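Notes follow once the structure below has been shown.
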Amino acid sequence: MSNSFLEPPMFVMKLKSTKLVVKGSAVKLVCKATELKPKWFKDGVELSSGQKYNISFSKMISSLKVLSAERIDMGEYTFEVKNEVGSDLTKLNLTVLAIGSNAWHKCNFLSNCQRKCPTETEMV
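Read the sequence shown against the UniProt record's numbering and you will find it ends at 124, with the numbers running on by one and no gaps.
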């Protein structure tokens, strides 16, 4: 007889809370959990691999790749893991900037500027 017991899953590596990307670029979100029975969501809707997304799982690491980010991809991304005794989740808000926008000039990622990146209200 075994003394082992099942524990709820938990994240070893969570998503950052926000991410800014350039329109048309690929975006990769990566998480690591103690157990994988994973699901990825965007704005509460479950995602699957296809023409828009590539979801992979290997060695307790899951990644979601947005193949070509567009404004429609902006929103809240959630990664959830579950087992029989519990669940855990981590979230990220993705913002897609168009090159040439005022927000893009305030935070030019390509030159790794040290200036403060724009807030959501500055991007409107």
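Cβ coordinates follow ideal geometry from the N, Cα and C atoms, glycine included. Being a predicted model, the structure only gives us computed values, none of them experimental.
DSSP-derived helix/strand/coil call for residue i
i     : result
Asp73 : helix
Lys52 : coil
Val85 : coil
Ser58 : strand
Lys91 : strand
According to DSSP, residues forming a beta bridge with residue i
i     : result
Lys42 : Val45 and Tyr77
Val30 : Ser63
Leu15 : The partner list for Leu15 (beta bridge, DSSP) is empty, contrary to what the question assumes.
Leu6  : DSSP, once it has assigned bridges, lists no residue as partnering Leu6.
Terminal residues of the beta strand (DSSP E) in which residue i lies
i     : result
Ala98 : No beta strand (DSSP E) contains Ala98, which DSSP labels as neither H nor E.
Straight-line gap, residue i to residue j (C-alpha atoms, nearest Å)
i      : j     : result
Met60  : Pro38 : 10 Å
His105 : Asp73 : Summary for His105: the model assigns pLDDT 48, below 50, so the residue's position carries little reliability; its value from the coordinates is reported in the next sentence. So the two alpha carbons sit approximately 21 Å from each other.
Val96  : Gly24 : 9 Å
Glu70  : Glu46 : 18 Å
Ser49  : Lys42 : 13 Å
Ser63  : Leu29 : 5 Å
Lys65  : Gly86 : 26 Å
Pro8   : Lys91 : 18 Å
Leu94  : Glu84 : 30 Å
Counted within 10 angstroms of its Cβ, other Cβ atoms place residue i as buried (16 or more) or exposed
i      : result
Thr78  : buried
Phe109 : Unreliable placement is indicated for Phe109, whose pLDDT of 47 sits below 50; no coordinate value is reported for it.
Ala98  : exposed
Met81  : Strictly speaking, residue 81 in this sequence is Val, with Met absent from that position. The residue is buried, with at least 16 neighbouring Cβ atoms inside 10 Å.
Ala26  : exposed
Leu6   : exposed
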